[in-house]
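Trainee: Under our numbering, the first residue of the sequence shown carries the number 8, and numbering increases by one thereafter. For every residue, glycine included, the Cβ atom is placed at its ideal position computed from N, Cα and C. Take a look at the following structure, please.
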Amino acid sequence: SGGTDMSGGAINDSIILDMTAHINKLLELGEAGAVVEPGMYFRDFDKETKKKNLELPSYTASREINTVGGMAANDSGGEKNLKYGKTARYVQELEVVLADGQAHTFKKTEGEELQHKLAEQSFEGDLYRRVAALVATPVHRAIIEAHKPQVEKNSSGYALWDIGDGVNSLNLARLMVGAQGTLGIITKIKYGLVHPKQYASMTILFLDTIAELGEVVPEVLRHQPDSFEAYDDHTFKFAMRFLPELAVQMKAGIISLGISFLPELWLAIRGGIPKLVLLVEFRADTQQEALAKARALAEEAKHNRSHIGVRVAKTEAGAKKYWAIRRESFNLLRKKSKNRRTAPLFDDFVVPPLSMPEFLPKLNALLAQYDLLYTMAGHVGDGNLHIIPLIDPTSPQIAKTLDELTHKIYDLVITYHGSITGEHNDGYARTPYVEKMFGPEMNALFMETKKIFDPQNIFNPGKKVGSTFSDLLNKLDLPKNVA
């Protein structure tokens with residue numbers, strides 16, 4: 008991940024492999040896709056694919072510093088997921104070094120090819136037989152079907168529900184995607200790519216209350232946007248406070264950036280800081296087509312609720328300031344919070360988008376109980392929210408507070424049939440909660456999966472399975488006397 012993983016997936020007390028120094032080459036690139044080594048930074052990969060008008064659309068907000076291997080290991084996603092889906096959709100084939108010390112190539116296998124694999128008398132053949140038995144056994148199949156995530160985005164657990172039935176098909180590459188390196192070491196990736204639309208326009212909606220989301224979300228989704236993002240009033244105020252730093256990130260002048268935000272500042276003066284800012288991007292082959300889509304949504308929004316603020320950014324350049332707030336809010340929060348520290352523990356949950364109006368007030372009530380300062384942003388189009396609290400790490404109660412609050416938030420998320428992580432994965436931060444989400448029977452299947460591939464617990468130990476709440480508290484960078 009280039010060290011960008013939000014869940015602690017890239018750190019441990021064991022061996023850490025840094026692929027960026029040497030295993031970082033683009034090996035093939037064409038219409039059929041790209042073959043790339045995991046240590047290549049996405050920013051460099053993206054420059055090369057864009058030369059051929061191709062793109063890996065599941066890039067993250069940390070796209071300038073993350074690697075393409077980390078994207079596969081986490082099954083990462085980002086602002087284009089609403090239309091294009093997460094990284095798993097684009098992984099066609101993986102080369103992985105397994106517990107036998109050898110490199111193996113995995114892809115979707117079916118029919119006669121699968122039967123040959125199942126009959127093969129080798130380390131790899133044994134893996135195929137054991138995984139096939141795990142997912143094909145009727146009792147296990149029933150558990151998998153009953154406990155598979157009910158939301159569009161999920162990076163928790165091992166994707167046993169998405170690798171085939173073990174009889175007609177089996178895709179061990181898909182099992183590796185999102186496994187955070189706990190089953191083997193990815194050394195080569197074959198990605199499918201898309202042709203991105205070249206032109207973009209954006210509709211920006213300023214909501215006074217969260218309750219309006221119930222009607223706004225389905226209205227927006229009917230227009231089939233490419234991206235549907237959001238950030239809250241805390242994020243907006245934080246961005247205005249650190250406008251000079253935002254200008255640096257945008258490579259813009261502070262005066263010109265300040266002038267560009269005058270309409271938003273005037274809106275805030277007249278009606279107060281909006282509770283939520285919604286960013287709805289439309290992309291097309293021509294600027295006129297993209298703008299027409301954005302204006303159609305804007306006109307409908309004005310007609311249906313004349314009291315809300317509505318703006319249209321005609322071009323991608325015009326939308327840049329809104330994207331800067333959305334993408335850079337966490338970095339600004341982390342770097343500019345003086346005596347406080349970001350604590351991304353419940354930073355990536357997912358609920359059904361249409362549940363948000365009912366879910367968010369309950370979430371805010373939980374957060375209010377602990378008097379935490381936090382920012383909220385995320386992918387509202389698919390119900391994936393990123394909440395980042397700011398904590399005082401010297402507080403004697405902070406470890407207890409974080410533990411209690413995370414349990415309560417995940418209990419609420421599960422009540423709405425959501426996921427504890429849509430993109431950022433389990434890592435140290437969420438592995439203890441995996442059983443809470445999936446239940447003991449499914450968690451037992453995850454543990455068996457780990458045992459099949461890594462019986463000596465060598466690969467990234469303590470992630471996905473096998474760590475406790477006590478382990479998590481000990482890993483938190485807090486004074487030892489507060490845990």
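Return the CA-CA distance between Pro396 and Pro468, expressed in angstroms with no decimal places.
Mentor: If I take the Cα positions, the gap works out to 27 Å.
Trainee: If distances are taken between C-alpha atoms only, which option among Arg334, Glu35, Gly46 and Asp20 comes closest to His29?
Mentor: Checking every option, the nearest Cα to that of His29 belongs to Gly46.
Trainee: Considering only the alpha carbon of each residue, which of Ser426, Pro360 and Leu304 lies closest to Trp317?
Mentor: The sequence as given places Val at residue 317; Trp does not occur at that position. Per the Cα distances, Leu304.
Trainee: Around the C-beta of His239, are 16 or more other C-beta atoms found within 10 angstroms, so that it is buried, or is it exposed?
Mentor: Just to set this straight, residue 239 is Asp in the shown sequence, not His. Buried is the call here.
Trainee: Which two residues bound the contiguous beta strand (DSSP E) that contains Met13?
Mentor: Looking at the DSSP string, Met13 is not in any beta strand (DSSP E), and its letter there is neither H nor E.
Trainee: Which parts of the stretch 273–332 are runs of the beta strand (DSSP E), unbroken and 3 residues or longer, counting only runs that do not cross its ends?
Mentor: 283–291 and 316–320, all fully within the stretch 273–332.
Trainee: Quick check: the Cα distance between Met247 and Leu480, rounded to an integer number of angstroms?
Mentor: Their backbone Cα atoms lie some 34 Å apart in a straight line.
Trainee: If you draw a straight line from the alpha carbon of Gly57 to that of Gln187, how long is it in whole angstroms?
Mentor: In the sequence as presented, Gly is not what sits at residue 57; that position holds Lys. Cα to Cα, the separation comes out at about 27 Å.
Trainee: Taking only three categories from DSSP, how would you classify Val104?
Mentor: Val104 falls in the strand class under three-state DSSP.
Trainee: Check whether the Cβ of Asp418 lies closer than 6 Å to any heavy atom of the ligand ATP, and answer yes or no.
Mentor: This structure lacks the ligand ATP; in fact it carries no ligand of any kind.
Trainee: Should the stretch 114–133 be called in touch with the stretch 393–408, which here means at least 3 C-beta pairs below 8 Å?
Mentor: At 8 Å Cβ cutoff, the stretches do not touch.
Trainee: Please name the residue or residues paired with Gly385 in a DSSP beta bridge.
Mentor: In the DSSP output, where bridge partners are listed per residue, Gly385 has Ala237 and Leu392.
Trainee: When the cut-off is 7 Å and only beta carbons count, does Pro351 lie next to chain D?
Mentor: Looking at the structure shown, chain D is missing, and only one protein chain is on hand.
Trainee: On the criterion of 16 or more Cβ atoms from any shown chain inside 10 Å, does Thr94 qualify as buried, or is it exposed?
Mentor: So Thr94 counts as buried.
Trainee: To test your reading of the DSSP string, which unbroken alpha helix (DSSP H) runs of 4 or more residues are found completely within the stretch 425–470?
Mentor: Listed in chain order, they are 434–437, 441–445 and 447–460.
Trainee: Give the secondary structure of Leu190 by DSSP, where H, G and I count as helix, E and B as strand, and everything else as coil.
Mentor: Coil.
Trainee: Could you tell me which of Val75, Asn60, Asn31 and Gly40 sits nearest to Asp11, measuring between CA atoms?
Mentor: With the sequence shown as reference, residue 11 is identified as Thr, and Asp is not the correct amino acid for it. When each option's Cα is compared against that of Thr11, the closest is Val75.
Trainee: Could you spell out where the alpha helix (DSSP H) holding Thr413 opens and where it closes?
Mentor: Taken as a continuous stretch (DSSP letters only), the alpha helix (DSSP H) holding Thr413 covers Ile405 to Thr422.
Trainee: Is the beta carbon of Arg333 sitting closer than 7 Å to the one on Glu236?
Mentor: Taking 7 Å as the Cβ cut-off, Arg333 and Glu236 qualify as a contacting pair.
Trainee: For Met209, report the span of its beta strand (DSSP E) as first-last.
Mentor: Its beta strand (DSSP E) spans residues Tyr206 to Leu214.
Trainee: Between the C-alpha atoms of Glu86 and Ser129, what's the straight-line distance to the nearest angstrom?
Mentor: Taking the straight line joining both Cα atoms gives about 42 Å.
Trainee: Just verifying my parser: in three-state terms, what is the DSSP assignment at Thr475?
Mentor: Coil, per DSSP.
Trainee: Helix, strand or coil, according to DSSP, for Gly40 in the structure here?
Mentor: Three-state result, Gly40: strand.
Trainee: In chain order, what residues of the same chain lie with their CB nearer than 8 Å to the CB of Glu62, ignoring the 5 residues before and after it?
Mentor: Cβ neighbours of Glu62 beyond the five flanking positions: Asp53, Thr56, Leu200, Val201, His202 and Pro203.
Trainee: Suppose you measure from the CA of Lys115 to the CA of Gly171; what does that come to, to the nearest Å?
Mentor: So the two alpha carbons sit approximately 9 Å from each other.
Trainee: At the level of alpha carbons, what is the spacing between Phe289 and His230?
Mentor: Whole-angstrom Cα-Cα distance: 9 Å.
Trainee: Which whole runs of the beta strand (DSSP E) in the stretch 140–200 are 3 residues long or more, in chain order?
Mentor: With a minimum length of 3 residues, the continuous beta strand (DSSP E) runs that stay inside the stretch 140–200 are 176–178 and 192–198.
Trainee: Check each candidate in Gln295, Asn19 and Gly77 and name the one with the smallest Cα separation from Glu44.
Mentor: Closest option to Glu44, Cα to Cα, is Gly77.
Trainee: Using the Cβ count rule (16 or more neighbours within 10 Å means buried), how would you classify Val146?
Mentor: Looking at its Cβ environment, which holds fewer than 16 other Cβ atoms inside 10 Å, Val146 is exposed.
Trainee: Once the 5 residues before and after Leu2 are set aside, which same chain residues still bring their CB inside 8 Å of it?
Mentor: What is shown of the chain runs 8 to 490, which leaves residue 2 out entirely.
Trainee: Looking at the strands, I want to know which residues DSSP matches up with Ala110.
Mentor: Partner(s): Val104.
Trainee: When the Cβ atoms of the stretch 441–453 are set against those of the stretch 152–165, are three or more pairs found closer than 8 Å?
Mentor: Enough Cβ pairs lie closer than 8 Å, so yes.
Trainee: Exposed or buried, which one is Pro439 when buried takes at least 16 other CB atoms within 10 Å?
Mentor: Counting Cβ neighbours within 10 Å, Pro439 comes out buried, since at least 16 surround it.
Trainee: How long is the line joining the alpha carbons of Lys309 and Lys244, rounded to whole angstroms?
Mentor: Each residue's Cα considered, the two are about 25 Å apart.
Trainee: For Lys90, report the span of its alpha helix (DSSP H) as first-last.
Mentor: From DSSP, the alpha helix (DSSP H) with Lys90 extends over Asn88 to Tyr91.
Trainee: Using CA coordinates, which residue listed in Arg136, Ile72, Tyr198 and Thr194 is at the minimum distance from Gly173?
Mentor: Of the listed residues, the one whose Cα sits closest to Gly173 is Arg136.
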